[in-house]
Each structure stands twice: as C-alpha cells, then as structure tokens.
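Novice: I'd like to ask you about the structure that follows.
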Amino acid sequence: MTEFTLTSSTESESGGPLVGVIMGSSSDWDVMKHAVAVLEEFGVPLEMRVVSAHRMPHQMVEYGARATERGLRAIIAGAGGAAHLPGMMAALTPVPVFGVPIPSKYLQGQDSLLSIVQMPKGIPVATFAIGEAGAANAALHVIACLATTDVDLRRKLQEFRARQTEAAQAMAVPPHVTM
C-alpha cells in the first residue's frame, strides 16, 4: 500500500489513527490538505494515504477491509473525475465514509460530486461540497461525530464555533460608493 508521507501519521492512545484521509492521487493533496489541517488543529489522530480505486484496486480493498480492525472511526475519501474511491470504501467497510469531490479540469468537480453523491440505497457516503470547503467541512463533521463520545474534543469544537461566531460578529459591511 502506498503511504502518502507529506507528514507522519499521528497515533491515538491505542497506537493507531482514528481517521483515515485517503485520496485517489497525490494531485488531490491540494484539496485534501484542508481536511488534514482541521483534524490536526483539533489533535485528532490520523493517517494519510494515496489509495487509488482504479490504479491499485487490491490495496484499496485491503485498506477498506482492515479499517475496522485497525481502529479507524472514520474515513475521509477525496476523489476526482469518476470518483469511485468514496463509494468503494463505503462498500468495503462499516466505518463511516465522508466523500470529498475533487475539482476536475473540464467539469470543475461536478462529475466528482455526482459520482459520490449518487450511491445506491444501503451504501451511504456522506458527501460534502466540491473542493477545499468540502474537505474542511468533512473533517469538522468527523470531529462532531467523534465529539459525541469525547468530552475534550467536544470542548474544542464548541470553542472553534464560538471563535467563528465572534469573527462573523466583528464583520462590517464595506463602505458603499455611489456612482
């Protein structure tokens, strides 16, 4: 299995990551790094890997099949174009999968979004917005799920949301210029 080593895996108390951040290609990193940044900001143990559904299907199956026994609690899967990775991951594991559509050259990620969101009944993928906002929100949704049983993480999430509220309240409408 190809390890994506832009940074090292953070480990949980049990010795392994809680969240897998996977992508179909290293070119997806520019989007997926936003999920990683949010998870790291909250101190969530994670791992990052390239797991291509089309170019390394056997390793993809192994990753999905072993996700539960390895202790993963969530998988954030980013993919572009045909974007089969999130759906295949959801088919392979009971671990919740959060799909991030990666913008594509010709259809700006609409193809990826439709591929991920149109899952058959019984194989759910929680699908987020195309691109960076989707990656960050996928991580925040994972954090919210983990925070239901982690008091420290819940406190960090509440503090994060309070900071967002303060920032929004501090915003002012720019001066209006009449022409």
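Residue numbers for the sequence shown follow full-length UniProt numbering, beginning at 1 and rising by one. Just so it is clear, CB atoms sit at the ideal spot from N, CA and C, and this is done for glycine as well.
Could you name the residues that DSSP lists as bridge partners for L113?
Specialist: According to DSSP, which records beta bridges pairwise, L113 is partnered with nothing at all.
Novice: How close, in whole Å, do the beta carbons of S27 and A79 come, if the pair is a contact with beta carbons under 8 Å?
Specialist: The pair is not a contact, with the Cβ atoms about 11 Å apart (cut-off 8 Å).
Novice: Return the CA-CA distance between I143 and V38, expressed in angstroms with no decimal places.
Specialist: Answer to the nearest angstrom: the Cα atoms are 9 Å apart.
Novice: Apart from the five residues on each side of it in sequence, which residues of its chain come closer than 8 Å, Cβ to Cβ, to L46?
Specialist: Excluding positions up to five away in sequence, the list reads S9, T10, P17, L18, V19, G20, V21, V36, L39 and E40.
Novice: Under 8 Å, with one C-beta from each stretch per pair, do the region 95 to 106 and the region 127 to 140 reach the 3-pair mark?
Specialist: Yes, the region 95 to 106 touches the region 127 to 140.
Novice: Using DSSP with H/G/I as helix, E/B as strand and the rest coil, what is V177?
Specialist: Reduced to three states, the DSSP call for V177 is coil.
Novice: For the beta strand (DSSP E) containing E47, list its first residue and its last residue.
Specialist: Run containing E47: L46 to V50, per the beta strand (DSSP E) assignment.
Novice: Tell me the residue span of the beta strand (DSSP E) that contains V21.
Specialist: Note, V21: beta strand (DSSP E), V19 to M23.
Novice: Tell me the residue span of the beta strand (DSSP E) that contains G78.
Specialist: Start and end: A74 to G80.
Novice: For the region 79 to 94 against the region 56 to 68, are there 3 or more C-beta pairs whose distance is under 8 Å?
Specialist: Yes, they touch.
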